[in-house]
Amino acid sequence: MFKSNFEINLDFLRIKSPRLIGVDISSSSVKMVELSRSGKGNQTYRIDRYVIEPMPADAMLDGGIVNLEAVSECLQRGWKRMGTRLKNVALALPVTDVITKKIIVPAGQREDDLAFQVETEASQYIPFPLDEIDLDFQVVKPVQDSQEEVEVLIAASRKEKVEDRVAAALSAGLKAIVMDIESYAAQAAFELTLGQLPENSKDQVIALVDIGATVMKINVFHNGEPVYTRDQPFGGNQLTQEISNQFNLSTEESETAKRNGNLPDNYKSDVLQPFCETLAIEVMRAIQFFYTSTQYTEVNYIFIAGGCAVIPGLSDIIASRTQVSTFVVNPFANMELSSRITSRQLNVDASSLLIACGLALRSFDPS
Ligand SMILES: Nc1ncnc2c1ncn2[C@@H]1O[C@H](COP(=O)(O)OP(=O)(O)OP(=O)(O)O)[C@@H](O)[C@H]1O
Ligand SMILES: [Mg+2]
-10 MFKSNFEINL
0 DFLRIKSPRL
10 IGVDISSSSV
20 KMVELSRSGK
30 GNQTYRIDRY
40 VIEPMPADAM
50 LDGGIVNLEA
60 VSECLQRGWK
70 RMGTRLKNVA
80 LALPVTDVIT
90 KKIIVPAGQR
100 EDDLAFQVET
110 EASQYIPFPL
120 DEIDLDFQVV
130 KPVQDSQEEV
140 EVLIAASRKE
150 KVEDRVAAAL
160 SAGLKAIVMD
170 IESYAAQAAF
180 ELTLGQLPEN
190 SKDQVIALVD
200 IGATVMKINV
210 FHNGEPVYTR
220 DQPFGGNQLT
230 QEISNQFNLS
240 TEESETAKRN
250 GNLPDNYKSD
260 VLQPFCETLA
270 IEVMRAIQFF
280 YTSTQYTEVN
290 YIFIAGGCAV
300 IPGLSDIIAS
310 RTQVSTFVVN
320 PFANMELSSR
330 ITSRQLNVDA
340 SSLLIACGLA
350 LRSFDPS
């Protein structure tokens, strides 16, 4: 009853997915990742293919699609360049487009009863009529020390946000099978790398900071549980703009020069260094927001991701500002590489592929 009301669900439900491509539609590019199982007993993963297809300027705004045709063409170009046969995709919505809430309900309810309860609950805190939203829920786990109650996660998003992404994929010939949330996808990919920390990061508070072209996305985890999430407007476009102003270059020229380092001698001291300092202050402010809005008073590690994470020396600047050990995330660090992929190029691209990688992992959801 509940499910049939919705055309597409925010699919947290662990249904068996067919193999699919993880697709992150973001402001500067579309990123696609395809993974397969590998290694002894299929315990590890292999990255088979990936692509980063540049997005035309102004096709996206605030994480939303404003030019559907341009986004769809970008998806199509990326898919062709990737050279895959898979057409099923997992997409994600930015956290700012999704309202999530945990509720506690009696255990062992019938699916219908649970759905009714979720809908009643949702109608109380979601500021839109229920027929304008897509709603999904998942039983997360039993409440501690209780056999009688379970924790249920509810997620809701405005229908058009979901439909825009699905439609862009569809007109590029791709079928959206999963609609996830960016922060959940980032967490799934990030967790692949946690083995490198002492005791698998037990009892540690970890901030994952994705710095893209327009947005800095902060997720904080404690013992693997997300405890805080926030997006704030700040990203690499600010650096591009500054390069453009200082050296009188077009935006495109500035973007290229920034990536290949082909800029005058004073670039590092006059432009890059101040940008990194500002970025570190933004990270520090984000962490202070986290302290003021939760009961936490300490962060043990910061991991940076997103295209800006590859700026040489950035993690050191953040570490010295925040006094927290800071590392760059590489979700593929423990993966096998297909022969099509060179590790040198993947090392440059890896940090910006975090969300796409997390979405590609949805191929392996247990049934
Ligand atoms: N080598 C590099 N040096 C400096 N900046 C870089 C480098 N490579 C990429 N960037 C910057 O990283 C940004 C793109 O990162 P990313 O792909 O994570 O962004 P996005 O996901 O498209 O943006 P958003 O998440 O904000 O929508 C751009 O601003 C780009 O200039
Ligand atoms: Mg991004």
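First residue of the sequence shown: -10, per our numbering; consecutive thereafter.
Quick reminder that beta carbons are idealized off the backbone N, C-alpha and C, glycines included.
Owing to the predicted nature of the structure, the values given are computational and were not obtained by experimental measurement.
Separation of residue j from residue i, as counted between CA atoms
i           : j           : result
residue 68  : residue 40  : 8 Å
residue 153 : residue 162 : 14 Å
residue 147 : residue 15  : 18 Å
residue 95  : residue 194 : 30 Å
residue 320 : residue 108 : 36 Å
residue 241 : residue 326 : 31 Å
residue 313 : residue 224 : 21 Å
residue 211 : residue 285 : 10 Å
residue 99  : residue 72  : 44 Å
residue 139 : residue 104 : 14 Å
residue 59  : residue 45  : 7 Å
residue 219 : residue 173 : 13 Å
residue 214 : residue 333 : 33 Å
residue 322 : residue 182 : 7 Å
residue 354 : residue 141 : 19 Å
residue 151 : residue 168 : 8 Å
residue 283 : residue 217 : 8 Å
residue 131 : residue 281 : 29 Å
Cβ of residue i within 8 Å of any chain C Cβ
i           : result
residue 293 : The chain inventory of the structure shown lacks chain C, comprising one protein chain alone.
Chain-order list of residues whose beta-carbon lies under 7 Å from that of residue i (same chain, five-residue window excluded)
i           : result
residue 156 : 57
residue 324 : 33, 34, 35 and 36
residue 90  : 114 and 143
Where the alpha helix (DSSP H) containing residue i begins and where it ends
i           : result
residue 30  : Careful: residue 30 lies outside any alpha helix (DSSP H) and carries neither H nor E.
residue 137 : Neither: residue 137 is in no alpha helix (DSSP H) and is coded neither H nor E.
residue 360 : With the chain covering only -10 through 356, there is no way to say anything about residue 360.
residue 153 : 148 to 160
residue 84  : Here residue 84 belongs to no alpha helix (DSSP H), and DSSP marks it neither H nor E.
residue 240 : 240 to 249
residue 62  : 57 to 71
residue 347 : 343 to 349
Beta-carbon proximity of residue i to residue j, cut-off 8 Å
i           : j           : result
residue 351 : residue 145 : no
residue 208 : residue 175 : yes
residue 308 : residue 340 : no
residue 166 : residue 87  : no
residue 221 : residue 298 : no
residue 52  : residue 345 : no
residue 19  : residue 64  : yes
residue 42  : residue 74  : no
residue 22  : residue 342 : yes
residue 160 : residue 61  : yes
residue 257 : residue 164 : no
Proximal residues to residue i (C-beta, below 6 Å), its chain only, five neighbours per side dropped
i           : result
residue 264 : 228
residue 292 : 197, 316 and 318
residue 202 : 16, 17, 224, 225 and 226
residue 25  : 35 and 37
residue 206 : 199 and 220
residue 306 : 265 and 269
residue -5  : Summary for residue -5: the model assigns pLDDT 35, below 50, so the residue's position carries little reliability; its value from the coordinates is reported in the next sentence. Hits under 6 Å: 123.
Enclosing beta strand (DSSP E) for residue i [first to last residue]
i           : result
residue 94  : 87 to 95
residue 115 : Taken as a continuous stretch (DSSP letters only), residue 115 belongs to no beta strand (DSSP E), as it is neither H nor E.
residue 11  : 10 to 14
Residues of its chain near residue i, where Cβ-Cβ distance is below 8 Å and the 5 sequence neighbours each way are ignored
i           : result
residue 239 : 233
residue 271 : 205, 221 and 223
residue 287 : 194
Alpha helix (DSSP H) segments (min. 4 residues) lying fully within the region 166 to 234: 171 to 180
Hey, which unbroken runs of the beta strand (DSSP E) at 3 residues or more fall wholly within the region 289 to 340? 290 to 294 and 314 to 317
Test item, CB below 5 Å from any non-hydrogen atom of ligand 4: What this structure holds is ligand 1 and ligand 2, not ligand 4.
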